[in-house]
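Engineer: So for the sequence shown, my numbering puts the first residue at 57; every next one is plus one. Ideal Cβ positions, reconstructed from N, Cα and C, are used throughout, including at glycine.
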Amino acid sequence: MHRGGHPDAGAWFRLLDRDRRLLALLAEHKAFTTDQIASLEFASVRRAQDRLRKLREMGMLFAFRESLYGGGTTQTRHALGYSGARLIAAQRAQTPPAPAKYALSLERLASSPMLTHRLGVNGFFCALAAHRNPACRHGPAVPEPVQGLTQWWSERQCAEMFWTHASGEDQLHPDGYGCWEQHDRVVRFFLEYDTGTESLKTVTSKLADYQRFPTDKFGILLFSVHSARRETGLRAALRRALGSSYSPGLVIATTSRDMPHPDGPAGPVWALWTTGNGGAVTHRLRLADLPERGPRIGHHASAELPYNEAAFSHHEPIIQDLLYPNRTRPATGYPASHDVAEDED
57 MHRGGHPDAG
67 AWFRLLDRDR
77 RLLALLAEHK
87 AFTTDQIASL
97 EFASVRRAQD
107 RLRKLREMGM
117 LFAFRESLYG
127 GGTTQTRHAL
137 GYSGARLIAA
147 QRAQTPPAPA
157 KYALSLERLA
167 SSPMLTHRLG
177 VNGFFCALAA
187 HRNPACRHGP
197 AVPEPVQGLT
207 QWWSERQCAE
217 MFWTHASGED
227 QLHPDGYGCW
237 EQHDRVVRFF
247 LEYDTGTESL
257 KTVTSKLADY
267 QRFPTDKFGI
277 LLFSVHSARR
287 ETGLRAALRR
297 ALGSSYSPGL
307 VIATTSRDMP
317 HPDGPAGPVW
327 ALWTTGNGGA
337 VTHRLRLADL
347 PERGPRIGHH
357 ASAELPYNEA
367 AFSHHEPIIQ
377 DLLYPNRTRP
387 ATGYPASHDV
397 AEDED
């Protein structure tokens, strides 16, 4: 990036628009697999591999794999390389990271026990964002309303946004938050991505935070679990945990990832949970057909992150009114416990 104390601007100009979008996403969401990146920006995995190799050679990306028990390795995972981190910092007028400290953060990311969970969450959102893949569009570009995934927030962004007390009380920590728009419907949602490593009691204990927070004013709650058996167990656990305390304003829907659909999580894979159905799955809905909750935000250009045309700020008047309808608003900017470690989940 630097030669004799002078910055090398050539690296930035050698990047394509899709490269810049990828770097911005990696700066926030930390890691993607090759397949996930291909689904976002490329017509094929092979084309993605060719471009990713060039980005690694430029120092924009850091690639790593994990050895598997019994032989072989995982698919390549990609994180923001040091040169990429410097470019993102320059673009945002931030101080660039120190090389040694950044190298350590990459080592922690690659060896994190939460990496599989992080990649799973990112895979969920990538499957939604894939519906907007520019490489898969055919014919001349015609301006049209943006549809599909129009908001994609990480756990860190959620912690900074979804709180009502400066002390950190009533603060949500979902695995992600999104907005799906299709056929004039706007479905906002909080995501809880379950890999089966936690007990169902631990999973359902998270509901207390959603009940304290005005969740229904910002979206519905989605549970994505790894198997149909786990989904059945979760729905029964929800019935035991909520019982008569269930608030109809908190919309809950579940899905299992062992029932894939060509449209991914946008397809008819979601089952609403209510006390009335006793936890049984009667039928499944498309993501766009789930109940609409939360504000409708006019689309705007996202300066830093793709897939955020419908994003909002904690300080916007419409959001403040939703958070504090009958209370004095906190004077401080963020709760003391809002930080989420960049190299951990």
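Decide if residue 125 is buried, meaning its Cβ has at least 16 other Cβ atoms within 10 Å, or exposed.
Structural biologist: Reading the sequence shown from its first residue, position 69 is the one you call residue 125. Residue environment for residue 125: exposed (fewer than 16 other C-beta atoms within 10 angstroms of its C-beta).
Engineer: Is residue 91 closer than 8 Å to residue 131 when the C-beta atoms are compared?
Structural biologist: Translated into positions along the sequence shown, residue 131 becomes position 75. Translated into positions along the sequence shown, residue 91 becomes position 35. For residue 131 and residue 91, yes; Cβs fall inside 8 Å.
Engineer: Taking the Cβ atom as the reference point for each residue, do residue 117 and residue 136 lie within a distance shorter than 8 Å?
Structural biologist: The residue labelled residue 117 in the question sits at position 61 within the sequence shown. The residue labelled residue 136 in the question sits at position 80 within the sequence shown. Yes, the Cβ-Cβ distance between residue 117 and residue 136 is below 8 Å.
Engineer: Which word fits residue 69, buried or exposed, when buried means at least 16 other C-beta atoms lie within 10 angstroms of its C-beta?
Structural biologist: Your numbering for residue 69 matches position 13 in the sequence shown. Residue 69 comes out exposed.
Engineer: Write down every uninterrupted run of the beta strand (DSSP E) in the segment 78-153 whose length is 3 residues or greater and which is fully enclosed by it, in chain order.
Structural biologist: 117-120, 133-136
Engineer: Ignore the nearest five residues each way along the sequence and tell me which others in residue 153's own chain have a CB closer than 8 Å to its CB.
Structural biologist: Walking along the sequence shown from the start, residue 153 turns up at place 97. Around residue 153: 138, 141, 142, 145, 161.
Engineer: Leaving out five residues before and five after residue 364 in sequence, what residues of the same chain have Cβ atoms less than 7 Å from its Cβ?
Structural biologist: Here residue 364 is taken as the residue at index 308 of the sequence shown, counted from 1. Closer than 7 Å at Cβ, skipping near neighbours: 207, 208, 358.
Engineer: Grab me the residues of residue 396's own chain with a C-beta within less than 6 Å of its C-beta, minus the 5 sequence neighbours each way, in chain order.
Structural biologist: Working through the sequence shown from its first residue, we reach residue 396 at position 340. In this predicted model, residue 396 has a pLDDT of only 38, less than 50, meaning its place in the structure is not dependable; the value taken from the coordinates is given anyway. Around residue 396: 211, 212, 215.
Engineer: Would you list the residues sitting across from residue 308 in a DSSP beta bridge?
Structural biologist: For the purposes of this step, residue 308 is identified with residue 252 of the sequence shown, where counting begins at 1. Paired residue(s): 277, 329.
Engineer: Using the Cα positions of residue 309 and residue 248, report the straight-line distance between them to the nearest angstrom.
Structural biologist: On the sequence shown, position 253 is the one that residue 309 refers to. On the sequence shown, position 192 is the one that residue 248 refers to. Near 11 Å, if we compare the C-alpha coordinates of residue 248 and residue 309.
Engineer: Classify residue 311 as buried or exposed, calling it buried when 16 or more other Cβ atoms lie within 10 Å of its own Cβ.
Structural biologist: Taking the first residue of the sequence shown as 1, we reach residue 311 at position 255. Using a 10 angstroms sphere on the CB of residue 311, the tally of other CB atoms reaches 16 or more, which defines it as buried.
Engineer: Taking the continuous alpha helix (DSSP H) assigned at residue 254, which residues delimit it?
Structural biologist: The residue you call residue 254 lines up with position 198 of the sequence shown. Element bounds for residue 254: n/a, residue is neither H nor E.
Engineer: Take the Cβ of residue 271 as the centre, count every other Cβ of all protein chains shown within 10 Å, and call the residue buried at 16 or more, exposed below.
Structural biologist: Locating residue 271 in the sequence shown gives position 215, where the first residue counts as 1. Residue 271 should be labelled buried.
Engineer: Would you report the Cα separation of residue 111 and residue 202, rounded to the nearest angstrom?
Structural biologist: The count along the sequence shown starts at 1 and reaches residue 111 at position 55. The count along the sequence shown starts at 1 and reaches residue 202 at position 146. Cα-Cα distance, rounded: 29 Å.
Engineer: Let me know the secondary structure DSSP gives residue 232 once reduced to three states.
Structural biologist: Counted from its first residue, the sequence shown places residue 232 at position 176. Here residue 232 sits in strand by DSSP.
Engineer: Return yes when the C-beta of residue 304 is under 7 Å from any heavy atom of the ligand MN, and no when it is not.
Structural biologist: With respect to the ligand MN, the structure offers nothing, as it holds no ligand at all.
Engineer: Between residue 330 and residue 336, what straight-line distance do the alpha-carbon atoms span, to the nearest angstrom?
Structural biologist: Locating residue 330 in the sequence shown gives position 274, counting from the first residue. Locating residue 336 in the sequence shown gives position 280, counting from the first residue. The alpha-carbon separation between residue 330 and residue 336 amounts to approximately 9 Å.
Engineer: Helix, strand or coil for residue 295, going by three-state DSSP, please let me know.
Structural biologist: Stepping through the sequence shown from its first residue, residue 295 is reached at position 239. Helix.
Engineer: Is there a C-beta anywhere in chain D that falls below 8 Å from the one on residue 93?
Structural biologist: In summary, chain D is missing from the structure at hand, where a single protein chain is found.
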